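> One structure follows; several queries about it will come next.
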Amino acid sequence: MSLIVQKFGGTSVGSIARIEQVAEKVAKFRREGHDVVVVVSAMSGETNRLIALAHEVQERPVPREMDALISTGEQVTTALLSMALDKRGVKAKSYTGSQVRILTDNAHTKARIREIDNQRLHAGLEEGYVLVVAGFQGVDEHGNITTLGRGGSDTTAVALAAALKADECQIYTDVDGVYTTDPRVVDGARRLDRITFEEMLEMASMGSKVLQIRAVEFAGKYQVPLRVLHSFEEGPGTLITLEDADQMETPTIAGIAFNRDEAKLTVVGVPDMPGVAYKILGPIGEANIEVDVIVQNAGDDGHTDFSFTVSRTDLPRAEDVLKDVATSINAREVRSDRKIAKVSVVGVGMRSHAGVASQMFAALADVGVNIQMITTSEIKISVIIEEKYLELAVRALHSSFGLDREPQDESAA
Ligand code: ADP
Ligand code: ASP
Ligand code: MG
68 MSLIVQKFGG
78 TSVGSIARIE
88 QVAEKVAKFR
98 REGHDVVVVV
108 SAMSGETNRL
118 IALAHEVQER
128 PVPREMDALI
138 STGEQVTTAL
148 LSMALDKRGV
158 KAKSYTGSQV
168 RILTDNAHTK
178 ARIREIDNQR
188 LHAGLEEGYV
198 LVVAGFQGVD
208 EHGNITTLGR
218 GGSDTTAVAL
228 AAALKADECQ
238 IYTDVDGVYT
248 TDPRVVDGAR
258 RLDRITFEEM
268 LEMASMGSKV
278 LQIRAVEFAG
288 KYQVPLRVLH
298 SFEEGPGTLI
308 TLEDADQMET
318 PTIAGIAFNR
328 DEAKLTVVGV
338 PDMPGVAYKI
348 LGPIGEANIE
358 VDVIVQNAGD
368 DGHTDFSFTV
378 SRTDLPRAED
388 VLKDVATSIN
398 AREVRSDRKI
408 AKVSVVGVGM
418 RSHAGVASQM
428 FAALADVGVN
438 IQMITTSEIK
448 ISVIIEEKYL
458 ELAVRALHSS
468 FGLDREPQDE
478 SAA
């Protein structure tokens, strides 16, 4: 008998029929004798609907109230799933984040988990209940409801698995595992049997939203066995593992990630002198805006153009900050561009293979895609391109790095 944490995402609990199906699945595990903790998301579309309601009332909603609002979606699904389990003769209890005491910091809408009081959970499990916990939410030390950032139910599941020392954390979703790239964009994408924590972390941070970044961080840190599976189809899914000891089997590239959520800002005609980067990025940091890719081009005339990317939601605030900065440093103008996208190739095999960058740039050149910015780390290379070429670029890279599914797989898929 083992303890399993199972997380079901929005589409998997998107209707009563789906919730009934999830209940069947959970009941089956329970009847096999496992202890089960279930984490659920809100019904698909619900969190977006709630966010839109908030924006109808207030352009920049009060963060505390935003969390009070958007955490409600998960409370609905915990209760409905518990009822569906009860109907099947399976003892079940729903819990909010605050009832479980998923204690977070007070950074509303992107709170981090500090501590989980697992006593109540252990007590419930010992009494033979399936515990159905609301994903995505926690509570700060003053009792305010917090949320963990979009996709945060994954993190709830992994954090509970870590706190309870579960035997496995299973993330059930609407695809049957982690693919070489988003299977909704590239038909030939291939499911991976396994991917390392490190690669999954880069894929997630570079935009593959199949797992929330923090969930992968947590799983790596506490060595939680983590698997991504299809909610309603049988299959092995994808296991997130420690680095493969067998280097021979490590492919150079594990996958291609992409992200449409960034925007580019350029401060044009900045006097080229020491301290410029600091004068521009200092106030951006003070405004709590995260900067991703940075490029500075020095001109011959003593002026330079300084470009960087931020998340699209932060663009209006970043523009406001930069207007003042530009005046104070005598820059010519500030330009912004929302129509960009970031494409990244990710793989631990890159460490021992030279030439990945040049292969990437050649593949993009072949399809006529211009690269605006480049950034690299030990196991990834990212480029910023015009958004309209995103899918073309992802497909070209997917083929160039030999990730396309073999034709003989086609019938099995
Ligand atoms: P859930 O609501 O279950 O949390 P998400 O929509 O957050 O589901 O995540 C699953 C989706 O992630 C898939 O439908 C797929 O389109 C997308 N996705 C993006 N990149 C990948 C990838 N590399 N492998 C699998 N799915 C991916
Ligand atoms: N419901 C939240 C969201 O849509 C959390 C989650 O689904 O993981 O972001
Ligand atoms: Mg998700």
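Each residue of the sequence shown is one higher than the one before, starting from 68 at the first, in the numbering used here.
We put the CB at the ideal spot given by N, CA and C, even for glycine.
This one's a predicted model, so the numbers in the text were calculated from it and none came from an experiment.
Spell out the partners DSSP gives T171 in its beta bridges.
Looking at the DSSP assignment, T171 forms a beta bridge with I180.
> Taking 8 Å as the cut-off, decide whether the C-beta atoms of A430 and A385 are in contact.
Not a contact, by the Cβ cut-off of 8 Å.
> Within a Cβ cutoff of 8 Å, which residues of the same chain sit near A90, ignoring the five residues on either side of it in sequence?
Within the same chain, A90 has close Cβ partners L148, A151, L152, K154, R155 and V157.
> Can you name the residues that DSSP bridges to F375?
According to DSSP, which records beta bridges pairwise, F375 is partnered with L332 and I361.
> When the Cα atoms are used, what is the spatial distance from S374 to L117?
Approximately 34 Å between the Cα atoms of the pair.
> If you follow the beta strand (DSSP E) that I407 is in, where does it begin and where does it stop?
Counting along the chain, the beta strand (DSSP E) containing I407 begins and ends at I407 to V413.
> Can you tell me where the alpha helix (DSSP H) holding Y345 begins and where it ends?
Where Y345 is concerned, the enclosing alpha helix (DSSP H) stretches over V343 to E353.
> Among F285, I320 and V167, which one has its Cα closest to the Cα of L188?
Per the Cα distances, V167.
> Starting from M270, follow the alpha helix (DSSP H) in both directions and report where the run begins and ends.
Taken as a continuous stretch (DSSP letters only), the alpha helix (DSSP H) holding M270 covers F264 to S272.
> So, with DSSP's three-state summary, where would you put V206?
The answer is strand: DSSP assigns V206 an E or B state.
> Count the other CB atoms within 10 Å of the CB of M273; is the residue buried (16 or more) or exposed (fewer)?
Under this definition M273 is a buried residue.
> Which residue from D234, E235 and T222 puts its Cα closest to that of S276?
One point to set straight first is that residue 276 is Lys, not Ser, in the sequence displayed. The option with the nearest alpha carbon to K276 is T222.
> Do G205 and G244 have their C-beta atoms within less than 8 Å of each other?
Against a cut-off of 8 Å, the Cβ pair of G244 and G205 comes out as no contact.
> Tell me whether the segment 121-130 and the segment 102-111 touch, counting them as touching only if at least three CB pairs, one residue from each stretch, are closer than 8 Å.
Counting Cβ pairs under 8 Å, fewer than three are found: no touch.
> Just confirm the distance between the C-beta atoms of E481 and K406, as a whole number of angstroms; I'd bet it's less than 8 Å.
As shown, the chain starts at 68 and ends at 480. That puts residue 481 outside it, with no answer to give.
> Is any non-hydrogen atom of ligand 3 found closer than 7 Å to the C-beta of K160, if you look at the structure I gave you?
Every heavy atom of ligand 3 is 7 Å or more from the Cβ of K160, so no.
> Measure the Cβ-Cβ separation of I448 and A432 and say whether it is below 8 Å.
No, the pair does not count as a contact, with Cβ atoms beyond the cut-off.
> Buried or exposed, going by whether 16 or more other CB atoms sit within 10 Å of the CB of Q279?
Buried is the call here.
> For T114 and I137, which I take to be in contact (beta-carbon distance under 8 Å), what is that distance rounded to the nearest angstrom?
With 8 Å as the limit, T114 and I137 qualify as a contact, their Cβ atoms being about 6 Å apart.
> Report the residue from K331, I183 and V252 whose alpha carbon sits nearest the alpha carbon of T380.
It is K331 whose Cα lies nearest to the Cα of T380.
> According to DSSP, M440 sits in a beta bridge with which residue or residues?
Looking at the DSSP assignment, M440 forms a beta bridge with I451.
> Could you round the C-beta distance between F468 and I320 to whole angstroms and report it? I think they count as a contact, below 8 Å.
Indeed they touch by this definition, with Cβ atoms about 4 Å apart.
> Are there 16 or more other CB atoms within 10 angstroms of the CB of A398, so buried, or fewer, so exposed?
Flag for A398 reads buried.
> Taking the straight line between their C-alpha atoms, what separation do you get for G366 and V107?
Approximately 53 Å, taken between the alpha carbons.
> Assign V401 to one of two classes, buried (16 or more other C-beta atoms within 10 Å of its C-beta) or exposed (fewer than that).
V401 is buried by the Cβ-count criterion.
> How many angstroms separate the CA atom of Y345 from the CA atom of P250?
In a straight line, the C-alpha of Y345 is about 40 Å away from that of P250.
> Please state if the CB of G76 and the CB of Y239 are separated by a distance shorter than 8 Å.
Contact flag set, yes.
> Since V415 and E265 are thought to touch, with beta carbons under 8 Å apart, how far apart are those beta carbons, to the nearest angstrom?
Indeed they touch by this definition, with Cβ atoms about 6 Å apart.
> Taking its Cβ as the centre, do 16 or more other Cβ atoms sit within 10 Å of M64, making it buried, or is it exposed?
Missing from the structure shown is residue 64; the chain here goes from 68 to 480 and no further.
> Looking at the structure shown, is T319 part of a helix, part of a strand, or coil, going by DSSP?
DSSP places T319 in coil when its eight states are reduced to three.
> State the start and end residues of the unbroken beta strand (DSSP E) segment that holds I71.
Its beta strand (DSSP E) spans residues L70 to F75.
> Which one of H175, I169, S161 and T145 has the shortest CA to CA distance from M133?
Comparing Cα-Cα distances from M133 to each of H175, I169, S161 and T145, the minimum goes to H175.
> Determine the burial state of Y246: buried for a count of at least 16 other Cβ atoms within 10 Å of its Cβ, exposed for fewer.
Y246 is buried by the Cβ-count criterion.
> Taking D367 as part of the beta strand (DSSP E), name the residues at either end of that continuous run.
First-last for D367: undefined, no H or E at that position.
> Note down, in chain order, each residue of its chain lying with its Cβ closer than 7 Å to the Cβ of G202, except the 5 sequence neighbours on either side.
Counting only Cβ-Cβ distances below 7 Å, and skipping sequence neighbours, we find K74, V106, V107, S108, E141, G219, S220, T223 and A224.
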